[in-house]
Amino acid sequence: MIQSTMQEGALTISSLLEHSRKFFPEATVSTWTGSGLRTESFSEIGDNAAQVANALAKLGIGIGDRVATFMWNNNEHQALYAAIPSMGAVLHTLNLRLSPEQAVFIMNHAEDKVVFVDASVAPLLQNYVPQVPSVTDVVVVNGPADAFSAPEGVTVRAWDDLLEGESTEYDWPELDEHAAAAMCYTSGTTGDPKGVVYSHRSIYLHSFQVISTAGMALANSDLALVIVPMFHAMSWGMPYAAMMAGASLLHPDRFLQPEPLLAMMKEARPTMAAAVPTIWSGVAALLESHPQDISHLRSVTVGGSAVPPSMVRKFDEFNAPIVHAWGMTETSPLGSVAHPPADVTDPEEAFPFRITQGRFPAAVAARIVDSDGNVLPNDGVTSGELEVSGPWITGSYYSPEGNVSDPSKFHDGWLRTGDVSTISPQGYMTIVDRTKDIIKTGGEWISSVDLENVIAGHPEILECTVIGVPDPKWDERPFVLAVTTEGSTLDVPTMRAWLEERVPRWQVPERWSFGEEVPKTSVGKFDKKKVRQAYADGLYEVINGLEL
Ligand code: AMP
Numbered sequence: 012m013i014q015s016t017m018q019e020g021a022l023t024i025s026s027l028l029e030h031s032r033k034f035f036p037e038a039t040v041s042t043w044t045g046s047g048l049r050t051e052s053f054s055e056i057g058d059n060a061a062q063v064a065n066a067l068a069k070l071g072i073g074i075g076d077r078v079a080t081f082m083w084n085n086n087e088h089q090a091l092y093a094a095i096p097s098m099g100a101v102l103h104t105l106n107l108r109l110s111p112e113q114a115v116f117i118m119n120h121a122e123d124k125v126v127f128v129d130a131s132v133a134p135l136l137q138n139y140v141p142q143v144p145s146v147t148d149v150v151v152v153n154g155p156a157d158a159f160s161a162p163e164g165v166t167v168r169a170w171d172d173l174l175e176g177e178s179t180e181y182d183w184p185e186l187d188e189h190a191a192a193a194m195c196y197t198s199g200t201t202g203d204p205k206g207v208v209y210s211h212r213s214i215y216l217h218s219f220q221v222i223s224t225a226g227m228a229l230a231n232s233d234l235a236l237v238i239v240p241m242f243h244a245m246s247w248g249m250p251y252a253a254m255m256a257g258a259s260l261l262h263p264d265r266f267l268q269p270e271p272l273l274a275m276m277k278e279a280r281p282t283m284a285a286a287v288p289t290i291w292s293g294v295a296a297l298l299e300s301h302p303q304d305i306s307h308l309r310s311v312t313v314g315g316s317a318v319p320p321s322m323v324r325k326f327d328e329f330n331a332p333i334v335h336a337w338g339m340t341e342t343s344p345l346g347s348v349a350h351p352p353a354d355v356t357d358p359e360e361a362f363p364f365r366i367t368q369g370r371f372p373a374a375v376a377a378r379i380v381d382s383d384g385n386v387l388p389n390d391g392v393t394s395g396e397l398e399v400s401g402p403w404i405t406g407s408y409y410s411p412e413g414n415v416s417d418p419s420k421f422h423d424g425w426l427r428t429g430d431v432s433t434i435s436p437q438g439y440m441t442i443v444d445r446t447k448d449i450i451k452t453g454g455e456w457i458s459s460v461d462l463e464n465v466i467a468g469h470p471e472i473l474e475c476t477v478i479g480v481p482d483p484k485w486d487e488r489p490f491v492l493a494v495t496t497e498g499s500t501l502d503v504p505t506m507r508a509w510l511e512e513r514v515p516r517w518q519v520p521e522r523w524s525f526g527e528e529v530p531k532t533s534v535g536k537f538d539k540k541k542v543r544q545a546y547a548d549g550l551y552e553v554i555n556g557l558e559l
């Protein structure tokens, strides 16, 4: 056997941080204040990161300790992304929109010691901390320390006071690249949330994918608008990939409505942006009534839920092309990305590739299996549960007693995604549905995703979701909860007739309800669990098209 001559070199966050500090003086991180931008250079963010690390060390934070953030996307959060893993501690991003029970469960499970909290959400955290005995310190960011009143045994400081007098250099420890760097709990709609722990190595390798042309192609020349929250699967890897590539970042803080998003785009003219489809449908609706040039966006990354083809068309009209991607908290999260093959240059021929969930990167293996675990062919037709494996895919869930590879979630070393998909011979993956969302009607399957995509294509539908509901004759039938555009007089017979021209007749839903909005999960996806419950509780005024 011949040995390689290559050196070892640990792939760690501190090396990314120092790289960004030294080599990208022109790159910036900006946060929207509601009326303008506050901007720092990567070097200033690096200074802040070192100051935070020095201060945390004095608070007794050491290797492996969990430091949580309960924050919006902003400059301080970016500095914490850099500081906490670099000093050997573990960054734990807490979702701001969890139920109190889930938040308390997660903080106790992770045994968070210090929590950084944005002043605007401090009242929420106030309710949780007294129930989490591991917390010793709270740091209030973007507001005074008294925005959070300390429970017994907890010390509260303001961000500026924490950093005051601290050195802007820190002697980062040499870490094993496999050590824990960050953790994120799944937004799981069933059971307790599950913790995914990323390593320095997994984040580093994943960053290569984010900057790769097969990924998001995040580059030194980019200004990326990071709408996807820093608590949702690490903002899809952009904060770290930006340090690697020297890409500038634009953080929206708490201003996530279409109006401020368009205002910040007008001011800063980002070259790319990333968010779930519900954000983009709001932006698109506003652009219809208040036209604005957004062609400075060379790429709009959309993932987290399936992108309706009509949305891809709409953003093509805006000259801001959508790039569709698939991923999970468990997969760091990139996943597959839908770039058409190089030889397909005609836009109409490229379109069908762009609305798939895309191809997987070299490091991530993907396969589909049947309910007995047999591997199915990649013929673009056969569907089965998607399983993935690779160096930035989780192999277990976090447990203080030892991480757990539950067979319901893992299969021979592969992560079971819970997504049903097809994979084409060229490797393009298409999500059919979540396993639990497929509508089983009279022995046939209806993909709720397919129906949603078609219905969302009606010009008078603002948003819609489809769930399976019990039916005495067919076991299950689809139910549509839809929101129409202002002033629309759309009715069920019209929609049914419109759908009959687009989907097989037996798939056309009978049951419809028109509402004010579709409920969303904590990360902005349609919350089918809530819709199911509300339907079961009789909260919707259901119109049955067959009875009209
Ligand atoms: P989360 O970990 O909360 O981001 O959820 C991951 C799940 O979101 C995946 O298992 C999919 O069900 C869904 N998902 C993510 N991206 C897409 C996409 N592009 N199309 C359809 N579903 C998606």
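FYI, the numbering for the sequence shown is 12 to 559, going by the working numbering. We treat Cβ as the ideally placed atom computed from N, Cα and C, and that holds for glycine.
Inter-residue CB distance, residue i and residue j (contact presumed, cutoff 8 Å)
i: Ser459; j: Ile466; result: With 8 Å as the limit, Ser459 and Ile466 do not qualify as a contact, their Cβ atoms being about 10 Å apart.
i: Leu91; j: Val63; result: 6 Å
i: Ala256; j: Ile214; result: That pair is no contact at about 14 Å.
i: Pro352; j: Gln437; result: 7 Å
i: Leu260; j: Val237; result: 6 Å
i: Val152; j: Phe159; result: About 10 Å; that fails the 8 Å criterion.
i: Ala285; j: Met249; result: 7 Å
Neighbourhood of residue i by C-beta, 6 Å cutoff - its chain only, sequence neighbours within 5 removed
i: Tyr196; result: Ile117, Pro204, Gly206
i: Ala21; result: Glu188
i: Lys541; result: Pro530
i: Trp425; result: Glu398, Ser400
i: Val477; result: Ser459, Leu462, Glu463, Pro489, Val491
i: Ala191; result: Val101, Val208
i: Thr340; result: Cys195, Thr197, Val207, Ala244
i: Asp233; result: Ala258, Thr282, Met283
i: Asn86; result: Val40, Thr42, Glu51
i: Arg168; result: Val150, Ala156
Residue i beta carbon near the ligand AMP (any heavy atom closer than 7 Å)
i: Ile379; result: no
i: Gly413; result: no
i: Val237; result: no
i: Trp247; result: no
i: Pro344; result: yes
i: Ile442; result: yes
i: Val165; result: no
i: Ser459; result: no
i: Gln368; result: yes
i: Met339; result: yes
i: Thr197; result: yes
i: Val568; result: Any answer about residue 568 is impossible in this case: the structure gives the chain only from 12 up to 559.
i: Gly314; result: yes
i: Gly429; result: yes
i: Ala286; result: no
i: Arg445; result: yes
i: Ala336; result: yes
i: Ala244; result: yes
i: Ala467; result: no
i: Ala493; result: no
i: Ala193; result: no
i: Ala225; result: no
i: Ala317; result: yes
Beta-carbon contacts of residue i that lie in its chain and below 7 Å, excluding the five residues immediately before and after
i: Ser533; result: Asn106, Arg108, Leu109, Ser198
i: Arg32; result: Phe53, Ser54, Gly57
i: Pro141; result: Pro162
i: Ser347; result: Ala336, Trp337, Gln368, Gly369, Arg370, Phe371, Met440
i: Glu528; result: Val494
For residue i, the residue or residues it bridges with in DSSP
i: Met254; result: Note: Met254 sits in no beta bridge, so no partner.
i: Ala79; result: His103, Val126
i: Leu397; result: Ile379
Residue i, buried or exposed, once every other Cβ within 10 Å from all chains shown has been counted against 16
i: Met17; result: exposed
i: Gln303; result: exposed
i: Ile13; result: exposed
i: Pro74; result: First, the residue type needs correcting, since residue 74 is Ile and not Pro in the sequence shown. Flag for Ile74 reads exposed.
i: Val318; result: buried
i: Pro481; result: exposed
i: Trp517; result: exposed
i: Ala547; result: exposed
i: Arg49; result: exposed
i: Glu177; result: buried
i: Glu511; result: exposed
i: Asn59; result: buried
Cβ-based neighbour list, residue i, same chain, cut-off 8 Å, excluding 5 preceding and 5 following
i: Glu474; result: Thr289, Ser292, Ala467, Ala493, Val494, Glu528, Val529, Phe537
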